[in-house]
Structure formats: structure tokens, C-alpha cells
Amino acid sequence: GGTFTDIVAQTPQGNLKTLKLLSENPGQYQDAAIHGIQKFLGKEASDNKDIESVKMGTTAATNALLEHRGEPTLLVITEGFRDALRIGYQDRPDIFALDIRLPRMLYTEVVEVKERISAHGEIVHSLEEEELQKSLISAHAHGINSVAIALLHGYRFPEHEKRVATIARELGFQQISVSHETSPLMKLITRADTTLMDAYLSPILDRHVSQVRSGLNDMLGTSPPMFFMQSHGGLARADHLRGKDSVFSGPAGGVVGMAQTATSAGFEKLVGFDMGGTSTDISLFQGLYERTDSTLIAGVRVSTPMMEIHSIAAGGGSILKYQSSRLQVGPHSAGAFPGPACYRNGGPLTVTDANVYLGRIQKEFFPKTFGKNSEQTISAEIVKKRFNALAKEIGKGKTKQLAPHEIANGFLKIAIERMANAIKKISTQRGHDVTKFTLCCFGGAGGQHACQVADTLQISKIFIHPLAGVMSAYGMGFADLRVVKQKACEETLTSNHIPQLNSDFTELAQQAADELREQGIENKLIRFEQRLQLKIAGSDTILFIPWIETDPFEKIRAHFHEKHEQHFGFQALNAEIILESIESEAIGAMDYPKEKP
Numbered sequence: 002g003g004t005f006t007d008i009v010a011q012t013p014q015g016n017l018k019t020l021k022l023l024s025e026n027p028g029q030y031q032d033a034a035i036h037g038i039q040k041f042l043g044k045e046a047s048d049n050k051d052i053e054s055v056k057m058g059t060t061a062a063t064n065a066l067l068e069h070r071g072e073p074t075l076l077v078i079t080e081g082f083r084d085a086l087r088i089g090y091q092d093r094p095d096i097f098a099l100d101i102r103l104p105r106m107l108y109t110e111v112v113e114v115k116e117r118i119s120a121h122g123e124i125v126h127s128l129e130e131e132e133l134q135k136s137l138i139s140a141h142a143h144g145i146n147s148v149a150i151a152l153l154h155g156y157r158f159p160e161h162e163k164r165v166a167t168i169a170r171e172l173g174f175q176q177i178s179v180s181h182e183t184s185p186l187m188k189l190i191t192r193a194d195t196t197l198m199d200a201y202l203s204p205i206l207d208r209h210v211s212q213v214r215s216g217l218n219d220m221l222g223t224s225p226p227m228f229f230m231q232s233h234g235g236l237a238r239a240d241h242l243r244g245k246d247s248v249f250s251g252p253a254g255g256v257v258g259m260a261q262t263a264t265s266a267g268f269e270k271l272v273g274f275d276m277g278g279t280s281t282d283i284s285l286f287q288g289l290y291e292r293t294d295s296t297l298i299a300g301v302r303v304s305t306p307m308m309e310i311h312s313i314a315a316g317g318g319s320i321l322k323y324q325s326s327r328l329q330v331g332p333h334s335a336g337a338f339p340g341p342a343c344y345r346n347g348g349p350l351t352v353t354d355a356n357v358y359l360g361r362i363q364k365e366f367f368p369k370t371f372g373k374n375s376e377q378t379i380s381a382e383i384v385k386k387r388f389n390a391l392a393k394e395i396g397k398g399k400t401k402q403l404a405p406h407e408i409a410n411g412f413l414k415i416a417i418e419r420m421a422n423a424i425k426k427i428s429t430q431r432g433h434d435v436t437k438f439t440l441c442c443f444g445g446a447g448g449q450h451a452c453q454v455a456d457t458l459q460i461s462k463i464f465i466h467p468l469a470g471v472m473s474a475y476g477m478g479f480a481d482l483r484v485v486k487q488k489a490c491e492e493t494l495t496s497n498h499i500p501q502l503n504s505d506f507t508e509l510a511q512q513a514a515d516e517l518r519e520q521g522i523e524n525k526l527i528r529f530e531q532r533l534q535l536k537i538a539g540s541d542t543i544l545f546i547p548w549i550e551t552d553p554f555e556k557i558r559a560h561f562h563e564k565h566e567q568h569f570g571f572q573a574l575n576a577e578i579i580l581e582s583i584e585s586e587a588i589g590a591m592d593y594p595k596e597k598p
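If you're matching positions, the sequence shown starts at 2 in this note's numbering and goes up one per residue.
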């Protein structure tokens, strides 16, 4: 994660061991995950250092996207659409902004291809290969090795995209992402953005995987099977991981862990409250993982299955400041280094420091990983001095002086309100009665704030698992291998579509199962979950409806209207229902740790 790296290990005897390390600790270690694994193996009395498997969640892709440190990438797009991604959907998130800052584009260069296939599949203009080759050779000569190919209507008629990919491969491009494989759905802008992001991030992930594999090799003399968490909550073998599927790699593990542990304890309706050092991630679970097919990350439109996780910049490391005559919490974080003031590295006051000052964090129960030699516990004395100094600064020229503990409490109240509002966004605003849910509290900082958040929302039950502090890592141990395949439809749903849908789902399921078999899963261990993505004609909001082959059309229609009323608060019984796309998910069962009662 952004502040801490959490590690959970299962011994050959079935015992669980946990470790929490600062993600960055200059001078102590290069890679926190490798260092942690080394510490576990060093503790074992046995000489047997075999590791059956390593399962990881990573923020490498997310950080590269946020900080624009991805691979230099070439965008190949149909002639006339060079600026399509820059223009985007022309939305104005802040309608009163006079100084409009457009997000930076991920591509380094753009090549326009002379080609055109109509929306119905007729070739309007054949692909001109000679000119394309010259442009690709020029881009490659400039040091670009990654290419994203997104042509008009390529999701449905991919012949030209396939040919461009073949030419790029022959010319030596190492990373080639094509839209009909990456995001085979309608809407050029989102499809091209997703393909571009995949090409931009995949090489970064490949290097990260190689670094971890190399570290394991140096340590063990061999590299055990490695699996990585994907944004939709399933694992993938390291060599099958794609950039587009890794943006929510870390938080997704927490949702899986929450679902497994809380349902084992007898709870059904769950709100995930995952508060770490950098952010707070909110999620919902009611028997099925809540997923979304599109989101906006750092100005990039992403269309790929991912967990519905609402993140806010309020974590234990969120910086506290007095500015513009008011108390402010975040959005910036002190990170792992220098970290909060109490970490003894000269960091700023943070939410964690407010809890230390108010006695809610006791240093004798905190790990001794701080200070110059990473051997000291946190310092309450530094925090006391800093809050006293802040109280003097705030009180200058004022008749009423605030005590330091009032200021610390004030900062926490602001943070609590932001977290409670984030929970309302994914529950109350979508037609759910949040008071009937259980607040599942996890993440390193979650326990410090769970009761106040629950009180604010009138939630009466809180579930805290013994491994709540490392739940995202623990959850990866419960995750299955998953592959999701999609197909665009965009047509009015009628009973006549049922036979064709049966055929389409069979084809998608076969593709997903083939990919699981490539990752070593046997046929008998594969099960499927299939979904329709439906919306009202003229609407843009998709609702996911389970597809069961034996269900009659009327049952599908009734299920959609029931969900529509819950989501929007009104019925649309006479409206035309549009089938936007279908989705087949193949799930390959893996061995889990046994969850104790």
C-alpha cells in the first residue's frame, strides 16, 4: 500500500503469521515485500525454504498512472480522430472554473491510420499499410516500444486492428494493446482510453513482477508460482496480469477478505470500511461483489470490470493544517516517509497524530519500526509539542483560545464526516438502508474511527476480524483465479434474443475457461457467473442482472424493473430495455486458508 506493506504467511502446519512494514524505508531495504518474506523464512527453524505460492496486490500501476510515470506509448487511431481523447466528452466537472486544466494525455505520439469500417461492418476505406509502416518505424526510432490500437468500430469488426497489431509486432514493438481484446465495448473514447492505459501500464507491471521474481530467486534459488490481485477481485498468474486490470489491485483484496470473514461470522449485508495510511476505501457486499464497468482515474476513462470501491483522501497519514482560518484534513498524505510526526522522521501532523494526542493510540502496542534505525516506537512527546505550537498559532489575536485537545478533536470530526458521507454515496444514494448493514472495519487505521462513523450513520453493528489490520493481504489468500470476458450488443431486449444470448454466453464462457486452463486450472474446478448489462432507452446508467439460462424473458424483465426501482426510486414498466453488453466470468477455485470460527 501507500504507507504500509502488509504480509500474511501460512506455515506448513496451517498457522498464520502477519507482518506490517513501511512501504518505503530508505537505507533499510529496497523492496518491502521481499524483505518481509525474508524475515518470515529467517524465523522458521526448519531448513525447508520452499514456498508453494506468493499472492500479491500492488499499487505499482496506480502510482505510475497518478504520477504519469508509465511507458512512452504510441496511440494508433482512425484518420480524423487524432484529438478524440483530448476532446473527450466535453464535460465540465467544475462549471465555474475559469482556468480549465485538462488532464495530461497518456500517449507520447499519435499515428492516424487511413482506414474506415462502418458501424455495420462494410469496409468504407481499406487499410493503407505502406504509410502506416512508415509512421510506426518513425515512432519506434524515437524510442517508443508500446503501442495502443483503437480504431473506429474495432470492438465489433476487428480485422483492421488485428492487421495493425501484426505489423507493429513485426516491427519490434514489445507491448501491443488492441481495443477489441482490451475493452470490446461501444464508445470510442472510453475504449481507446482503456486500451491506451493498458499499453501505458503493462510494461511497468512487467518490470515490477520481474523485480519481485528476481528477489525471490536470489533468496530461494528458485521462483515460486506468483499470482496478482486484479481490480475485479480475482487472481491472475503473474504472466497474465494486464495493466488495465491492476488499478484497484490492493483494495480489491480487502473486499474479498471482508466478504469471506464477515459472512463466515453470520453477517449478510456489509459495508466495507477500509482505512489505511493514505486513503479510506468504502465498498458494499450483499452476497455478490458490487462491480462497475467504468470509472475515471486521474482523468483517464477506464472501461473494465472492477470492484465498486469509493476512495477518499482521508487516511491515518492525511495531513492536518490550519489554513484560510479553518481546520483542514488532507487531501495530501505524509506517506510512509517521512510519515506522521509521531514516526520520528520530521513529518507533519496527521490524523494518526490526533489519535496519539487523544490517547487512542498507545505507543506500547505500536510496532517498533520508526526513527533513524527503524527500532523505536512512535513518539507522543513530539506530537504534544506540535499540537501545543498549533494551538498557539490558531489562538494568535483571538479572545477565545482553543485547547490542543479541542483542536485534535475538531480535526477528527472533519475526517469522520467525510468518511460517513463516502458511505452514504454508495449506500443511501443507491436506495439501500445503511442502518440495516454491518460496518466491517479493517485497514490499519479503521479501528480508531469505526465507532464514530457508525454513530454518525446510525449503524448498530461493527465487525472487526482479528486480522483486520492486514485484511487486504489476508483477503488475497481467499481469492480465486478469475477471468471476465465481455461482448457489446446495444439492442432492444426482447424474448427473441434468448436463443442468440445462449449462443453468445457459451462462446464467452469457452474463451474465459480457455484462459483459466492456460493458468493451470482444471475443467472440474471451473464455475461460471454470467450477467446482462441492461439500461432504459435514452439512459446511460447500466444495471447488472444475473443471467440464468433457464430463466424466462419475463423473469429477467421483472428482475430489471425491481432493481431499477430500488436504484432510482421510480418504476419504468413501459420503457424500452436496452441490452448494452453481456459478461461471462470463469472462476477457478484455489486452496484457501481455513477461516476459524
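Built from N, CA and C at the ideal position, the CB exists for glycine as well. Note that this is a predicted model, so its numbers are computed, not measured.
For the 9 angstroms CB-CB criterion, S127 and A149 do not form a contact.
The criterion of a C-beta distance shorter than 9 angstroms is satisfied by F371 and N346. Excluding five sequence positions before and after H311, the CB atoms of its chain that fall closer than 6 angstroms to its own CB belong to I283, A423, K426 and I427, given in chain order.
In the structure shown, the three-state DSSP call for H466 is coil. By the beta-carbon neighbour count (other beta carbons within 10 angstroms, threshold 16), R302 is buried.
The DSSP-derived three-state label of G273 is strand.
The residues I8 and G37, in chain order, have a CB closer than 6 angstroms to that of L20 in the same chain once the five nearest residues on each side in sequence are set aside. Exposure of P500 is indicated by the presence of fewer than 16 other C-beta atoms within 10 angstroms of its C-beta. Selection E113, F174 and Q134 evaluated against A151 yields E113 as nearest (Cα-Cα). Taking C-alpha positions only, I205 is separated from L107 by approximately 14 angstroms. D194 counts as buried, since at least 16 other C-beta atoms from the protein chains shown sit within 10 angstroms of its C-beta. In the three-state reduction of the DSSP assignment, I415 falls in the helix class, which pools H, G and I. Under the three-state reduction of DSSP output, F97 falls in the coil class, being neither helix nor strand. In this structure A474 is buried. Its beta-carbon is surrounded by 16 or more other beta-carbon atoms within 10 angstroms. Counting the other CB atoms within 10 Å of its CB gives P341 a total of 16 or more, which places it among the buried residues. Taking Q261 as the centre and dropping the five residues before and after it, the same chain places the C-beta of F479 closer than 6 angstroms to its C-beta, in chain order. M472 places its beta carbon 9 angstroms or farther from that of I313.
Around the C-beta of T4, 16 or more other C-beta atoms lie within 10 Å, and the residue is accordingly described as buried. Residue range V352 to Y358 is occupied by the alpha helix (DSSP H) that includes V352. Counting only runs of 3+ residues, the beta strand (DSSP E) found wholly inside the segment 206-279 occupies 227-230, 236-238 and 271-276, in chain order. Judged by DSSP in its simplified three-state form, Y30 adopts coil rather than helix or strand. The segment 575-584 makes contact with the segment 482-490; the number of CB pairs closer than 8 angstroms reaches 3 or more. With fewer than 16 other Cβ atoms from the protein chains shown falling within 10 Å of its own Cβ, N503 counts as exposed. Between the alpha carbons of V77 and V111 lies a distance of about 6 angstroms. Judged by DSSP in its simplified three-state form, F554 adopts helix. Looking at the DSSP output, C442 bridges to F274. The DSSP assignment places 281-286, 296-298, 301-303, 311-313, 319-324 and 327-334 as complete runs of the beta strand (DSSP E) inside the segment 275-344, in order along the chain (cut-off: 3 residues). Under the three-state reduction of DSSP output, I546 falls in the strand class. In the three-state scheme derived from DSSP, where H, G and I count as helix and E and B as strand, I168 is classed as helix. Cβ-Cβ distances below 8 angstroms link A576 to I537 and A538 in the same chain, with the five nearest sequence neighbours on each side left out; the list follows chain order. Annotation for F412: L321, L328, V330, V352 and A355 place their beta carbon closer than 8 angstroms to its own, counting only its chain and skipping 5 residues before and after. Relative to the Cα of H433, the nearest Cα in the group A253, Q534, V272 and S54 belongs to V272.
The DSSP-derived three-state label of A151 is strand.
In this structure, I460 lies away from T429, with their beta-carbon atoms at least 9 angstroms apart. Here P405 is buried. Its C-beta has 16 or more other C-beta atoms within 10 Å. Under a 10 Å Cβ-count criterion, S326 is classified as exposed, with fewer than 16 other Cβ atoms of the shown protein chains found around its own Cβ.
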